[in-house]
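S.K.: Under numbering that gives the first Met the number 0, the first residue of the sequence shown carries the number 0, and numbering increases by one thereafter. Note that CB positions come from ideal geometry on N, CA and C, so glycine has one too. Here the structure is a predicted model, which is why all the values come from computation and not from measurement.
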Amino acid sequence: MAEEKVFMSPTAFAEAMGVSSVTVHRWIKARTLKAVQRGKVVLIPRSEVGRFAKEADDSIGATE
0 MAEEKVFMSP TAFAEAMGVS SVTVHRWIKA RTLKAVQRGK VVLIPRSEVG RFAKEADDSI
60 GATE
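1) With R37 as the anchor, note down where its beta strand (DSSP E) starts and where it stops.
2) Can you find the residues in the same chain that come closer than 6 Å, C-beta to C-beta, to T10, ignoring five residues on each side of it along the sequence?
3) Tell me the rounded alpha-carbon separation between L42 and K53.
4) Give the range of the beta strand (DSSP E) segment to which V23 is assigned.
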């Protein structure tokens, strides 16, 4: 059985969220998005996809 990856790259996260990788790096710098750095490599926990999607749904619902 294949092991599920716990982390993803900023580029993969950007694709999953439908935004640019520059936006993802801005969110990381602003600490809006949780990420870990291993040397020069930045990794984002997969759990952040669900959290960001939920927050986006909540904010859209709040404006309607």
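M.R.: Concretely, from the data shown:
1) 35-37
2) S20
3) A direct Cα-to-Cα measurement between L42 and K53 gives close to 20 Å.
4) No beta strand (DSSP E) holds V23; the alpha helix (DSSP H) holding it covers 20-28.
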